[in-house]
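Everything below concerns the one structure shown next.
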Amino acid sequence: MNIQVLPDHKLSSVAPLKPCNVEKKEVELILVKDQNGVQYTSSTIMPTPSTHGTPCTAEELEERETWGKKIDFLLSVIGFAVDLANVWRFPYLCYKNGGGAFLIPYILFLVIAGMPLFYMELALGQYNREGAATVWKICPVFKGEFSLSLLSLYSISFLTSKLVESGLSPSVCVFSRRGVLHLHESRGIQDLGMPRWELVLCLVAVVFLLYFSLWKGVKSSGKVVYITATMPYVVLFVLLIRGITLPGAMDGIRAYLHIDFKQLNDPKVWIDAATQIFYSLGAGFGVLIAFASYNKFDNNCYRDAILTSTVNCVTSFFSGFAIFSVLGYMAYKHGVRIEDVATEGAGLVFIIYPEAISTLPGSTFWAIVFFIMLLTLGIDSSMGGMEAVITGLSDDFKILKRNRKLFTFATAFGTFLVALFCITNGGIYVLTLLDNYAAGTSILFAVLIEAIGVSWFYGVDRFSEDIERMMGFKPGLYWRLCWKFVSPTFLLVRHPGGKKGLVGGLLWDGSLWHGAGGGDGRAKYLTQA
1004 MNIQVLPDHK
1014 LSSVAPLKPC
1024 NVEKKEVELI
1034 LVKDQNGVQY
1044 TSSTIMPTPS
1054 THGTPCTAEE
1064 LEERETWGKK
1074 IDFLLSVIGF
1084 AVDLANVWRF
1094 PYLCYKNGGG
1104 AFLIPYILFL
1114 VIAGMPLFYM
1124 ELALGQYNRE
1134 GAATVWKICP
1144 VFKGEFSLSL
1154 LSLYSISFLT
1164 SKLVESGLSP
1174 SVCVFSRRGV
1184 LHLHESRGIQ
1194 DLGMPRWELV
1204 LCLVAVVFLL
1214 YFSLWKGVKS
1224 SGKVVYITAT
1234 MPYVVLFVLL
1244 IRGITLPGAM
1254 DGIRAYLHID
1264 FKQLNDPKVW
1274 IDAATQIFYS
1284 LGAGFGVLIA
1294 FASYNKFDNN
1304 CYRDAILTST
1314 VNCVTSFFSG
1324 FAIFSVLGYM
1334 AYKHGVRIED
1344 VATEGAGLVF
1354 IIYPEAISTL
1364 PGSTFWAIVF
1374 FIMLLTLGID
1384 SSMGGMEAVI
1394 TGLSDDFKIL
1404 KRNRKLFTFA
1414 TAFGTFLVAL
1424 FCITNGGIYV
1434 LTLLDNYAAG
1444 TSILFAVLIE
1454 AIGVSWFYGV
1464 DRFSEDIERM
1474 MGFKPGLYWR
1484 LCWKFVSPTF
1494 LLVRHPGGKK
1504 GLVGGLLWDG
1514 SLWHGAGGGD
1524 GRAKYLTQA
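Numbering of the sequence shown is given in my numbering, commencing with residue 1004 and proceeding in unit increments.
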């Protein structure tokens, strides 16, 4: 009899079986021989004492849920990666750092660091089919990396906005800081005050939206992203079409795309490119591991990594056209230069852009459309962060997995309680503190530990063999070199954006407003925005 042995990767379409304690069974067969040969007449199954502990529970034998459709996973990853920073940070960095020339270091760091780390996390989660906590069974000494990612995730979940100086239209700035934030009622981080009830209601609405999006796992969140992940693209396209019809729009787009290769001689341009590509893709938070753990075992995560990371970067570049077309109109209307209206940070989308929209015919409609886009961008990122926490802890503690709905509610409620600090009168100080420190060096360090743990301790060769078992082919030499040498080196030499020291960053000016009436309407921060 000929027996054909298939390659290992053809034998498995599910994850490798976990060890399971099952009792041995002995089968007693009673045979009766007659004229026609031997016939089986009865059989008895008799258990024998187990030497491996107790039998498997139903939960141990239960198969992990998977995404309903492949598009659910892709939209979830894209929705998490494409966030507010794609809209407010990349366009300004591109404009400030040489326009089209900025794309050279940006694409370089995407290829040598961003994509390899993105690919590594997807493969790590998909092969082990577990969240960021239990996935480190491959190298238990690094399990604490999940705790670091967890803290960073919670910190970033509270970062809703950070308003900075714009130097334009003091009345708008006064409303933002006095009417919304009530900064004038706080003397600094030592005097936060009480949460603003209007913002509490908004926070409650967001938390409930997050809960009902996640309470049934990927089966529910995979449907929500059909709206939250696609809506920003529809809105950006509509805003672009409206923007390019405005006077001065072409001046704004030309300013965005101007090419200045001399800027590449400035090390800060390369640092900005590295920072943007790293935080934009979202590696290190455990979200990509959690999402990939719900994939089918033989899913082509290599193709997914290339596709989703490319879509993320193209979105950043495309959003610049929608932003700078309106900024060009703003400069034209006020008779100022583009650099007078182009600013970095949340001030661009929460102060300047809304002010520009307010001057358009049908401004209410355009304002609603614009802020719906911002809401969906934030919801997607928050869903990813909460899913990483829920999946990671549920895989580690089975009781949480059995009570997923209750645990999801507890996670959402805990996020709500801590986020209350960020919507107090001095909440902007807490946001700035978290943005500068909790979501900066710590997450870079977490990804460095992850890269070293997988490539050096677990072994890049073993990791490549795991990928081969899933997809039928090993990663090429380029990917293995990036995982083992290039990406860790990139993370080691990368300085986290030139943040100020902890002591200096907490020195707040006791007089935030100049004069009783608010002076020129601009808050004076001593921290770098």
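All residues carry an ideal CB built from backbone N, CA and C; glycine is no exception.
>> Checking 8 Å against the spacing of the C-beta atoms, do Tyr1386 and Leu1243 come in under that value?
In response: Correcting the residue identity first, residue 1386 is Met in this sequence and not Tyr. It is not a contact, given that the beta carbons lie outside the stated cut-off.
> In the structure shown, what three-state DSSP assignment does Ile1262 receive?
Replying inline: strand
>> Does Glu1201 pass the burial test, meaning 16 or more other C-beta atoms within 10 Å, or should it be called exposed?
In response: Glu1201 comes out exposed.
> Where Ala1276 and Arg1405 are concerned, what is the direct C-alpha to C-alpha distance, given to the nearest angstrom?
Replying inline: 43 Å
> When you compare only the Cα positions, how much space is there between Tyr1335 and Leu1480?
Replying inline: 52 Å
> Buried or exposed: Ile1341, going by 16 or more other Cβ atoms within 10 Å of its Cβ?
Replying inline: buried
> Between Phe1321, Ile1452, Thr1231, which lies nearest to Leu1120 when the distance is taken from Cα to Cα?
Replying inline: Ile1452
> Thinking just about the alpha-carbon of each residue, which of Phe1300, Val1238, Gly1388, Asp1343 is nearest to the one in Phe1321?
Replying inline: Val1238
> So, Thr1311 versus Leu1077, is the Cβ gap smaller than 8 Å?
Replying inline: yes
> With respect to 7 Å, is the separation between the Cβ of Glu1133 and the closest non-hydrogen atom of the ligand MN below this value?
Replying inline: The ligand MN is absent from the structure shown, which contains no ligand whatsoever.
> If you drop the 5 nearest sequence neighbours on each side, which residues of the same chain put their C-beta closer than 7 Å to that of Ala1083?
Replying inline: Residue 1083 is actually Phe in this sequence, not Ala. Closer than 7 Å at Cβ, skipping near neighbours: Gly1285, Val1290, Asp1383, Ser1384, Gly1387.
>> Are the CB atoms of Gly1071 and Gly1225 within a distance shorter than 8 Å?
In response: yes
> Of the choices Ala1208, Pro1198, Val1329, Glu1390, whose alpha-carbon is the least far from that of Phe1240?
Replying inline: Val1329
> Quick one: Cα of Leu1363 to Cα of Gly1255, how far?
Replying inline: 17 Å
> Between Lys1099 and Gly1287, what straight-line distance do the alpha-carbon atoms span, to the nearest angstrom?
Replying inline: Roughly 27 Å separates the two Cα atoms.
> Near Met1333, what residues of its chain come up, given a Cβ to Cβ distance below 6 Å and the 5 sequence neighbours on each side ignored?
Replying inline: Val1344, Ala1359
>> Which runs of the alpha helix (DSSP H) at least 4 residues long sit entirely within the region 1076-1107? Give them in chain order.
In response: 1087-1091, 1093-1099
>> Can you give me the C-alpha to C-alpha distance between Trp1486 and Gly1128, rounded to a whole angstrom?
In response: 16 Å
> Going straight from the alpha carbon of Asn1298 to that of Arg1132, what length do you get?
Replying inline: 8 Å
>> If we require 4 or more residues per run, which alpha helix (DSSP H) segments fall completely within the region 1270-1304?
In response: 1270-1284, 1290-1295
>> So, for Val1372: in the same chain, excluding its five sequence neighbours on each side, which residues have a beta-carbon less than 7 Å away from its beta-carbon?
In response: Val1238, Val1241
> Can you name the residues that DSSP bridges to Pro1198?
Replying inline: Looking at the DSSP assignment, Pro1198 forms a beta bridge with Thr1427.
> Between the beta-carbon of Tyr1229 and the beta-carbon of Gly1323, is there less than 8 Å?
Replying inline: no
> How is Asn1131 classed by DSSP in three states: helix, strand or coil?
Replying inline: helix
> CA-CA distance, Trp1459 and Phe1400?
Replying inline: 28 Å
> If you compare alpha carbons, which of Leu1434, Pro1108, Ser1079 is closest to Asn1268?
Replying inline: Relative to Asn1268, the option among Leu1434, Pro1108, Ser1079 whose CA is nearest is Pro1108.
> For Asn1406, which three-state DSSP category applies?
Replying inline: coil
>> Output needed for Phe1215: all residues of its chain with C-beta closer than 8 Å, excluding positions within five of it in sequence on either side, in chain order.
In response: Ser1223
>> Would Val1138 and Thr1418 be called neighbours here (beta carbons separated by less than 8 Å)?
In response: no
> Nearest-angstrom Cα distance between Ile1375 and Ser1296?
Replying inline: 30 Å
> Would DSSP call Arg1067 helix, strand or coil?
Replying inline: coil
> Expressed to the nearest angstrom, what Euclidean distance is found between the alpha-carbon atoms of Leu1437 and Gly1430?
Replying inline: 11 Å
> Who are the near neighbours of Phe1416 in its chain, counting only those whose CB is closer than 8 Å to its CB and skipping five residues on each side?
Replying inline: Val1210
>> Suppose you measure from the CA of Lys1408 to the CA of Thr1231; what does that come to, to the nearest Å?
In response: Taken atom to atom, the span from the alpha-carbon of Lys1408 to that of Thr1231 is near 22 Å.
> Relative to the alpha-carbon of Thr1313, which residue among Tyr1122, Ile1354, Asp1398 has its alpha-carbon at the smallest distance?
Replying inline: Closest option to Thr1313, Cα to Cα, is Tyr1122.
> Just curious, the alpha helix (DSSP H) that Arg1472 is in, first and last residue?
Replying inline: 1463-1474
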